[in-house]
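In this note's numbering, the protein residues as written are 9 to 157.
No residue lacks a Cβ here, since even glycine has one placed at the ideal position from N, Cα and C.
If you're wondering where the values come from, they're calculated on a predicted model, not measured in any experiment.
As structure tokens, the structure follows; a few thoughts come after it.
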């Protein structure tokens with residue numbers, strides 16, 4: 009298993025020995041399972057790809073055979089109602105500033121009553137529900153065999 013559940017576009021290009029356009033085509037065709045985790049709905053995308061789908065496609069050249077609940081469990085294996093910001097950084101393969109921007113942008117909902125700020129010890133805890141809704145709404149392409157989002 010990879011140390012992080014999501015990989016960035018450059019690592020995927022390296023792992024599959026393909027160009028960015030080829031990787032994006034695989035995402036569009038549903039052969040790789042990916043997300044746009046950008047902190048804005050406009051402008052440049054921030055692509056993350058499920059590492060399990062990269063490994064599966066590299067070995068078989070077939071789409072990753074998992075539906076949403078299994079995919080989300082690969083990204084966030086526990087069922088806790090709150091997800092610490094540091095865990096979000098690991099899950100999304102991003103830095104603390106990106107997590108804070110997702111919170112500020114209203115894409116992730118902070119657990120009621122928790123304080124958060126920039127700097128050491130200021131990581132927000134967000135609701136599992138908002139994290140799942142964010143990822144579900146940011147899927148790239150339509151994964152093969154998936155009925156709806």
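Status (buried if at least 16 other CB within 10 Å, exposed otherwise) for residue i
{"i": "residue 77", "result": "exposed"}
{"i": "residue 85", "result": "exposed"}
Proximal residues to residue i (C-beta, below 6 Å), its chain only, five neighbours per side dropped
{"i": "residue 35", "result": "42, 148 and 149"}
{"i": "residue 10", "result": "No answer about residue 10 holds up, because its pLDDT of 48 lies below 50 and its placement is not dependable."}
{"i": "residue 54", "result": "45 and 46"}
{"i": "residue 57", "result": "15, 20, 40 and 42"}
Cα-Cα separation between residue i and residue j, rounded to whole angstroms
{"i": "residue 14", "j": "residue 82", "result": "9 Å"}
{"i": "residue 69", "j": "residue 120", "result": "44 Å"}
{"i": "residue 143", "j": "residue 45", "result": "8 Å"}
Bridge partner(s) assigned by DSSP for residue i
{"i": "residue 42", "result": "57 and 148"}
{"i": "residue 16", "result": "56"}
{"i": "residue 133", "result": "92"}
Close-in-space but distant-in-sequence residues of the same chain around residue i (CB under 8 Å, 5 per side omitted)
{"i": "residue 136", "result": "84, 87, 88, 89, 90 and 91"}
{"i": "residue 52", "result": "46"}
{"i": "residue 65", "result": "24, 34, 39, 40, 71 and 72"}
Cutoff 7 Å; reference residue i; Cβ partners in own chain excluding five residues on either side
{"i": "residue 131", "result": "92, 93, 94, 104 and 124"}
{"i": "residue 62", "result": "15, 20, 23, 24 and 40"}
Whole runs of the alpha helix (DSSP H) within the stretch 55-128, excluding any shorter than 4 residues: 59-68, 76-83, 93-100 and 104-112
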